[in-house]
Structures are given as structure tokens and as C-alpha cells.
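Peer 1: There's a structure below that I have some questions on.
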Amino acid sequence: MKLVKAEEMKTIDRRASQEYMIPSLLLMENAGLRVVEAIRTIGTAGKQSRVVILAGKGNNGGDGLAAGRHLVNCGTAIDLFLLGDPDALTPDARINYDILHRMGISIQPLTQDQHLAGLITALLQADLVVDAIYGIGFRGCLDDFETRVADLLNRSRVPVLAVDIASGVEADTGQVHGAAVKADHTVTLALPKPGLITAPGSEYTGQWSVADISIPRSLLEDPALKMNLLDAAAIKGWLPPRAADTHKGTYGHVLVVGGSAGMIGAVTLTSWAALRCGAGLVTAALPETQLPTLDAAAMEVMSRGLPETSRGCISIDALPALESLLGTCSVCAVGPGMSRYHEATAILRFILENSGVPLLIDADGINALASDPEVLRDRQVPVVITPHPREMARLTGLTVEEIQHRRVEVASRYAVDWGITVVLKGHQTVVACPRGEVFINSSGNPGMATAGSGDVLSGIIAGLIAQGLKPQPAAAAGVYIHGRAGDRAAAELGQRGMIAGDMIDYLPYTLLEIAEA
16 MKLVKAEEMK TIDRRASQEY MIPSLLLMEN AGLRVVEAIR TIGTAGKQSR
66 VVILAGKGNN GGDGLAAGRH LVNCGTAIDL FLLGDPDALT PDARINYDIL
116 HRMGISIQPL TQDQHLAGLI TALLQADLVV DAIYGIGFRG CLDDFETRVA
166 DLLNRSRVPV LAVDIASGVE ADTGQVHGAA VKADHTVTLA LPKPGLITAP
216 GSEYTGQWSV ADISIPRSLL EDPALKMNLL DAAAIKGWLP PRAADTHKGT
266 YGHVLVVGGS AGMIGAVTLT SWAALRCGAG LVTAALPETQ LPTLDAAAME
316 VMSRGLPETS RGCISIDALP ALESLLGTCS VCAVGPGMSR YHEATAILRF
366 ILENSGVPLL IDADGINALA SDPEVLRDRQ VPVVITPHPR EMARLTGLTV
416 EEIQHRRVEV ASRYAVDWGI TVVLKGHQTV VACPRGEVFI NSSGNPGMAT
466 AGSGDVLSGI IAGLIAQGLK PQPAAAAGVY IHGRAGDRAA AELGQRGMIA
516 GDMIDYLPYT LLEIAEA
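Below, the structure is given as C-alpha cells:
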């Protein structure tokens with residue numbers, strides 16, 4: 016499913032009116048009807064006897080006004096408040112305002128402190144609040160009075176349904192600068208917006224659903240829309256089928272390069288995850304003295320010992336062996352457990368320059384890039400990197416805070432600039448592709464914040480590439496599968512006690528679930 020920024024949604028609305036002759040007032044009418052339908056599904060009885068509606072002066076407020084009219088026609092009691100001057104309403108919102116006025120429905124002003132008493136009284140009797148104050152055009156901060164209104168709603172304990180997006184949340188980024196309405200439910204119109212699912216906006220969204228307001232499907236599926244939501248439906252068609260007349264060689268050979276003394280678990284997790292998601296063969300190349308540890312832990316993984324340094328890390332003398340191994344694999348994952356040391360940079364550069372297969376760079380492989388990330392440019396093979404925010408900060412020179420506030424923008428900028436796929440890990444992991452396409456993940460949970468989780472992700476992505484997926488869909492599918500396996504593990508084990516190996520254990524069930532969806 017596509018995700019749209021505010022300006023993209025406005026363009027879609029405009030094209031629906033200009034190219035398909037759909038009046039904007041009809042879109043507002045449909046939005047109001049969809050809000051009423053959502054209201055009917057909320058609550059134990061599926062009905063609300065009294066609804067408070069807070070409408071702003073923009074089209075989002077117009078959606079709320081239209082919903083109010085339909086609620087009255089259904090016999091629901093409403094308390095309707097307008098935050099703004101009626102003369103400042105947008106044209107379509109003003110039409111709905113005038114219809115309500117002609118129907119004799121009271122619209123109470125809510126613009127000054129003396130009006131708050133009426134809101135408090137209404138909230139004491141309310142079963143539900145509809146937040147239609149601000150929509151996707153909102154930027155910046157709620158003003159002092161609006162902040163007091165939002166605080167009243169948040170403290171009232173009355174369930175809140177937001178129209179399109181909770182007021183105070185920026186639709187493009189999910190940023191909240193000050194106060195915002197904390198919704199329990201959000202009915203977003205036509206397509207979801209990034210601010211619904213990216214933090215901190217996701218914390219103000221509650222359960223969300225997408226409302227069809229009759230915009231033509233061709234506009235909603237326009238290839239020019241570059242942002243996508245990752246879910247099971249999105250990735251099911253990407254996973255390659257397994258024919259009866261195949262063998263292990265059909266499903267590719269993953270080479271995992273990494274490991275060091277005390278860090279063999281990372282290589283083991285990456286290798287196992289690659290096998291569990293369907294790769295036919297996996298070879299782990301690691302310091303020679305560490306072979307017994309890997310061989311004892313992962314019988315199905317082939318291993319190759321490499322010359323090592325006195326610290327138990329892969330030595331520069333391993334380059335001839337690595338060149339030979341690169342000639343036998345379908346994809347190479349480099350970095351898990353490799354450690355940060357001087358020779359790692361030379362080893363990574365050698366692999367970048369000599370690989371004839373796609374590369375996935377993770378963990379200490381990314382740290383080895385930090386001194387010269389420009390080596391990522393103009394590679395002859397596709398490259399996927401999987402940094403967490405601190406690793407991304409080392410690569411870009413940005414602060415972690417800057418990255419976290421602009422996750423989609425930062426990941427996309429550097430994916431295009433370097434010509435690679437960037438998997439920016441974290442809450443709602445972002446997958447950014449070289450041609451500007453972006454995927455935001457919908458799976459995963461805080462229990463996955465545990466040592467080795469990123470190694471598992473690397474193995475899944477590498478395993479999918481080995482089976483024939485292009486690196487970009489492999490990265491996107493791998494992120495969703497990883498998060499979904501984590502969700503299944505959390506459901507059975509609880510978030511607090513999860514470890515990375517649990518996600519590998521649930522990979523087969525997750526893949527089966529997606530195939531049968």
C-alpha cells in the first residue's frame with residue numbers, strides 16, 4: 016500500500032476533481048460518511064449515544080461537520096464545537112456549516128478560555144470525541160489555546176477518533192512539537208500518511224484504518240508515489256516459489272564474512288537465519304581459531320577458516336581466500352561480529368572492489384566504511400547496508416537526533432546519493448532504494464531490541480537475495496519478515512524475555528503465514 020505525504024495527497028485530491036470531475040464537496044461528503052461508519056464500530060455496543068465533535072476551519076473541519084450532520088440524521092446526539100471564525104472556513108467546509116445551521120443544529124464557538132467550560136460539560140456526558148481540528152496540512156505547534164483544548168481531551172478519558180491524523184501531529188514526519196491530541200482511533204482518508212506510523216506520531220494515532228472516499232484507484236496506485244507501507248500483502252508476491260524439480264543449488268549460496276574472538280555468535284545467527292529463510296547453502300568465513308565454536312553451534316553451516324590477527328580478527332592475509340570464496344557464492348554478507356580494527360577497512364574495500372555478487376554490509380562492516388563512505392559510489396554490484404541510527408550517524412556526520420527526526424528523508428537522501436539500498440533500522444525500519452522508492456515497515460516490537468537481532472535481519476535479507484530476489488525487494492521483504500517473526504515470538508514468549516535466536520525459530524512459521532495469507 017502506498018503512503019502519501021501531505022502535498023501528494025493534495026495533488027491526488029486536485030486531480031480527482033480536475034481529471035475525473037469528482038467535486039471536492041463529494042469527497043468531503045464521503046469522508047464524513049466514512050467517519051460515521053467508523054464511529055458505529057467503536058464501543059461494546061457498536062453505538063455512541065453522545066458524540067462531541069471538534070472542527071477546525073479547514074477541510075478537515077469540514078469532514079467533521081459533514082460527519083456531524085450524518086450522526087444527527089442517524090439519531091445520535093452531538094455537541095459540535097468550531098475552533099475558528101465561520102467566515103474563515105474553506106469553501107467546502109462553509110457549505111457544510113451552512114447546512115447544519117439551516118438544520119437548526121447548534122455549533123458552539125471554541126476560540127476563547129470562557130468557551131472551555133462548555134467543552135468540559137460536553138466531555139462529561141460524551142461517549143466519543145471526534146478530532147477534526149487539524150488535518151494533514153498541519154505544521155509546527157498548536158497555539159496556547161489549542162494546547163489547552165488538546166490537554167482537556169487527553170485528560171478526559173473519553174475515547175477519541177481522529178479524522179485523517181491526530182491534531183498536532185505532522186503528517187509527513189510524525190513529529191510532534193509540543194502538545195497533540197492522543198487518539199484511540201484514526202480514520203485516515205484514501206491512503207495512510209507517514210506520520211501515522213512513524214514515531215512519535217504513531218503514539219498519538221491509536222488503531223488506524225483507511226477510508227475509501229471514492230478517489231479513482233489509478234491515482235492511489237500512481238508509480239510516481241514513491242513511499243510504501245510494508246505488510247504481508249505487499250511482500251507475498253515477491254517471495255519466489257519452490258518448484259518440485261529443484262535442489263539446494265537452486266536456492267543460492269550465501270557467504271557470511273565476519274566474526275572475531277568472542278563475537279562468533281553474530282556470524283552464527285546470520286548464517287542460521289539465511290538457512291531458515293530458504294537459502295540452499297551457507298558458508299561462514301571467519302578467523303581460523305574460531306572454527307570449532309561455529310561448527311559446534313551450527314551443523315548445517317559450512318565454514319572456512321581465514322588467517323587472523325593476534326587479536327583473533329580476520330587478517331589482511333585472508334584476501335586471496337576471500338577472493339576465491341567470492342567466486343563461489345550468490346551473495347556476500349560482510350560485517351557481523353567482525354570487530355572494529357584497522358585492517359577491517361582494507362578488507363571491506365577489497366570485497367567491495369572484487370565482488371561479482373550483491374553485497375550486504377552490516378555491523379562492523381558499516382563501521383569500517385565510516386572513514387570513507389564514498390567508496391560505496393559506482394559499485395558494479397548492488398549493495399545493501401543495514402545501519403542502526405548510531406552507525407548511520409558515523410557514515411553521514413549527522414547526529415543521531417537529526418537522523419531520528421528525519422528518518423525517511425535521511426535514508427532516502429543517502430540511498431540515492433550513494434546508489435545503494437539503505438535499511439535504517441529502528442522503530443518502523445525504513446528501507447530506501449537508489450531510485451527514490453521508500454518502504455516503511457509495519458511489523459516488529461520492542462522485544463526485538465536485543466543483542467543479535469540485526470544479525471538475524473542480515474541473514475534473512477542475504478538468504479532472500481540468494482534465492483533470486485533483487486536486493487531492493489529482498490531488503491524490504493526481509494525487514495517485514497524479521498519484524499513479523501519477532502511479533503510471533505513476542506506473542507508466545509513475551510517481549511521482555513525474547514532473544515535473537517527466538518526470531519530464527521519463528522521464521523518458518525512466519526514464512527508459512529505469509530504464503531497462506
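First residue of the sequence shown? That's 16 in this note's numbering, and the numbers climb one at a time after it. We put the beta carbon where it would ideally sit given N, CA and C, even for glycine. If you're wondering where the values come from, they're calculated on a predicted model, not measured in any experiment.
First and last residue of the alpha helix (DSSP H) that includes residue 45?
Peer 2: In the sequence shown, the residue the question calls residue 45 occupies position 30. 39-56 is the span of the alpha helix (DSSP H), which, as asked, contains residue 45.
Peer 1: Could you work out which residue in 77, 178, 16, 291 is closest to residue 481 when comparing CA atoms only?
Peer 2: Here residue 481 refers to the residue found at position 466 when the sequence shown is read from its first residue. Minimum Cα distance to residue 481 is reached at 291.
Peer 1: Taking the DSSP output, what are the residues bridged to residue 319?
Peer 2: Within the sequence shown, the letter at position 304 stands for residue 319. BP columns for residue 319 point to 300.
Peer 1: Would you kindly work out how many angstroms separate the C-alpha atoms of residue 176 and residue 389, rounded to a whole number?
Peer 2: The residue you call residue 176 lines up with position 161 of the sequence shown. The residue you call residue 389 lines up with position 374 of the sequence shown. Near 47 Å, if we compare the C-alpha coordinates of residue 389 and residue 176.
Peer 1: Looking only at its own chain, which residues have a Cβ that is under 6 Å from the Cβ of residue 474, when we skip the five neighbours before and after it?
Peer 2: The residue you call residue 474 lines up with position 459 of the sequence shown. Cβ neighbours of residue 474 beyond the five flanking positions: 285, 288, 289.
Peer 1: May I ask you to report which of helix, strand or coil DSSP gives residue 455?
Peer 2: Sequence index remark: in the sequence shown, residue 455 carries index 440 (1-based). Three-state DSSP puts residue 455 in a strand.
Peer 1: If you run the structure through DSSP and keep just helix, strand and coil, what is residue 504?
Peer 2: In the sequence shown, counting from the first residue as 1, residue 504 sits at position 489. Here residue 504 sits in helix by DSSP.
Peer 1: As an exercise, report each continuous alpha helix (DSSP H) stretch of at least 4 residues that is fully enclosed by the segment 161-236, in chain order.
Peer 2: Counting only runs of 4 or more, we get 209-212, 232-235.
Peer 1: Output the distance between the C-alpha atoms of residue 514 and residue 522, rounded to the nearest integer angstrom.
Peer 2: By 1-based counting over the sequence shown, the position of residue 514 is 499. By 1-based counting over the sequence shown, the position of residue 522 is 507. Whole-angstrom Cα-Cα distance: 14 Å.
Peer 1: Tell me which residues share the same chain as residue 312 and place their Cβ nearer than 6 Å to its Cβ, disregarding the 5 neighbours each side in the sequence.
Peer 2: Within the sequence shown, residue 312 is the residue found at index 297, counting from 1. Closer than 6 Å at Cβ, skipping near neighbours: 283.
Peer 1: I need the DSSP call for residue 314, collapsed to helix, strand or coil.
Peer 2: Indexing the sequence shown from 1 puts residue 314 at position 299. Residue state, collapsed to three classes: coil.
Peer 1: Please indicate yes or no: does the CB of residue 148 lie closer than 8 Å to some heavy atom of the ligand ZN?
Peer 2: Here there are no bound small molecules, and the ligand ZN is not part of this structure.
Peer 1: Check whether the segment 146-156 and the segment 71-87 are in contact - that is, three or more C-beta pairs closer than 8 Å.
Peer 2: The segment 146-156 vs the segment 71-87: in contact.
Peer 1: Beta-carbon within less than 8 Å of residue 532's beta-carbon, same chain only, minus the 5 sequence neighbours each way: which residues are those?
Peer 2: Stepping through the sequence shown from its first residue, residue 532 is reached at position 517. Once the five neighbours on either side are set aside, the close Cβ partners of residue 532 are 247, 248, 251.
Peer 1: On a Cα-Cα basis, can you pick out the residue from 214, 262, 103, 160 that is closest to residue 296?
Peer 2: One-based indexing of the sequence shown puts residue 296 at position 281. That would be 262, whose Cα lies nearest to the Cα of residue 296.
Peer 1: From which residue to which residue does the alpha helix (DSSP H) around residue 30 run?
Peer 2: Here residue 30 is taken as the residue at index 15 of the sequence shown, counted from 1. Looking at the DSSP string, the run of the alpha helix (DSSP H) that includes residue 30 is 21-35.
Peer 1: Starting from residue 268, trace the beta strand (DSSP E) in both directions and tell me its first and last residue.
Peer 2: What you label residue 268 is simply residue 253 of the sequence shown in a count that begins at 1. Taken as a continuous stretch (DSSP letters only), the beta strand (DSSP E) holding residue 268 covers 268-272.
Peer 1: Just to confirm the assignment: which complete beta strand (DSSP E) runs, minimum length 3, are found wholly within the segment 343-381?
Peer 2: Taking only runs of at least 3 residues, the beta strand (DSSP E) segments lying wholly in the segment 343-381 are 346-349, 374-376.
Peer 1: I'd like to know if the segment 499-515 and the segment 458-466 are in contact, where contact means that at least 3 CB-CB pairs between them fall below 8 Å.
Peer 2: Because the criterion of three Cβ pairs below 8 Å is met, the segment 499-515 and the segment 458-466 touch.
Peer 1: I need the straight-line Cα distance from residue 386 to residue 398, nearest angstrom please.
Peer 2: Start at 1 with the first residue of the sequence shown, and residue 386 comes out as number 371. Start at 1 with the first residue of the sequence shown, and residue 398 comes out as number 383. Spanning the two alpha carbons is a distance of roughly 18 Å.
Peer 1: Just to confirm, are residue 236 and residue 17 a CB contact at a threshold of 9 Å?
Peer 2: For the purposes of this step, residue 236 is taken as the residue at position 221 of the sequence shown. For the purposes of this step, residue 17 is taken as the residue at position 2 of the sequence shown. Their beta carbons are under 9 Å apart, which means residue 236 touches residue 17 by this criterion.
Peer 1: Quick one: residues in its chain with C-beta nearer than 7 Å to the C-beta of residue 171, no 5 flanking neighbours on either side, listed in chain order?
Peer 2: If you number the sequence shown from 1, residue 171 lands on position 156. Closer than 7 Å at Cβ, skipping near neighbours: 138.
Peer 1: Count the other CB atoms within 10 Å of the CB of residue 527; is the residue buried (16 or more) or exposed (fewer)?
Peer 2: Here residue 527 refers to the residue found at position 512 of the sequence shown. Exposed, because fewer than 16 other Cβ atoms sit within 10 Å of the Cβ of residue 527.
Peer 1: Please report the straight-line C-alpha distance between residue 414 and residue 441, rounded to a whole angstrom.
Peer 2: Counting from one through the sequence shown, the residue named residue 414 turns up at place 399. Counting from one through the sequence shown, the residue named residue 441 turns up at place 426. Roughly 15 Å between the two C-alpha positions.
Peer 1: Starting from the Cα of residue 427, find the closest Cα among 455, 416, 405 and give me that residue.
Peer 2: Here the question's residue 427 lines up with position 412 in the sequence shown. When each option's Cα is compared against that of residue 427, the closest is 455.
Peer 1: Check whether the segment 322-330 and the segment 357-370 are in contact - that is, three or more C-beta pairs closer than 8 Å.
Peer 2: As far as the Cβ criterion goes, the segment 322-330 touches the segment 357-370, which means the pair count is three or higher.
Peer 1: I'd like the span of the alpha helix (DSSP H) that includes residue 523, first residue to last.
Peer 2: As a first step, residue 523 must be located in the sequence shown, where it is residue number 508. Looking at the DSSP string, the run of the alpha helix (DSSP H) that includes residue 523 is 522-531.
Peer 1: Please state if the CB of residue 351 and the CB of residue 379 are separated by a distance shorter than 9 Å.
Peer 2: Here residue 379 corresponds to residue number 364 of the sequence shown, with the count starting at 1. Here residue 351 corresponds to residue number 336 of the sequence shown, with the count starting at 1. Yes, these two residues count as a Cβ contact at 9 Å.
Peer 1: Report the partner residues of residue 66 according to the DSSP bridge assignment.
Peer 2: The sequence position of residue 66 within the sequence shown is 51, counting from 1. Answer is 93, 143.
Peer 1: Within a Cβ cutoff of 6 Å, which residues of the same chain sit near residue 536, ignoring the five residues on either side of it in sequence?
Peer 2: Nothing can be reported for residue 536: it is not among the residues displayed for the chain, which extend from 16 to 532.
Peer 1: Per DSSP, which residues does residue 16 bridge with? Please list them.
Peer 2: Walking along the sequence shown from the start, residue 16 turns up at place 1. DSSP output for residue 16 lists no bridge partner at all.
Peer 1: Per DSSP, what are the beta-bridge partners of residue 245 in this structure?
Peer 2: Taking the sequence shown and counting its residues from 1, one reaches residue 245 at position 230. The partner list for residue 245 (beta bridge, DSSP) reads 456.
Peer 1: Which whole-angstrom value is the C-beta distance of residue 141 and residue 66, which I expect to be below 8 Å?
Peer 2: On the sequence shown, residue 141 is found 126 positions in, with the first residue counted as 1. On the sequence shown, residue 66 is found 51 positions in, with the first residue counted as 1. With a Cβ gap of about 7 Å, residue 141 and residue 66 count as contacting.
Peer 1: Given a cut-off of 9 Å, decide if residue 216 and residue 181 are closer than it, judged by their beta-carbon atoms.
Peer 2: Here residue 181 refers to the residue found at position 166 when the sequence shown is read from its first residue. Here residue 216 refers to the residue found at position 201 when the sequence shown is read from its first residue. Result yes, Cβ atoms of residue 181 and residue 216 sit closer than 9 Å.
Peer 1: Residues in the same chain with beta-carbon distance under 6 Å from residue 121, minus the five sequence neighbours each way, listed in chain order, please.
Peer 2: What you label residue 121 is simply residue 106 of the sequence shown in a count that begins at 1. Correct list: empty, nothing qualifies.
Peer 1: State the Cα-Cα distance for the pair residue 524 and residue 470, rounded to the nearest angstrom.
Peer 2: One-based indexing of the sequence shown puts residue 524 at position 509. One-based indexing of the sequence shown puts residue 470 at position 455. Spanning the two alpha carbons is a distance of roughly 19 Å.
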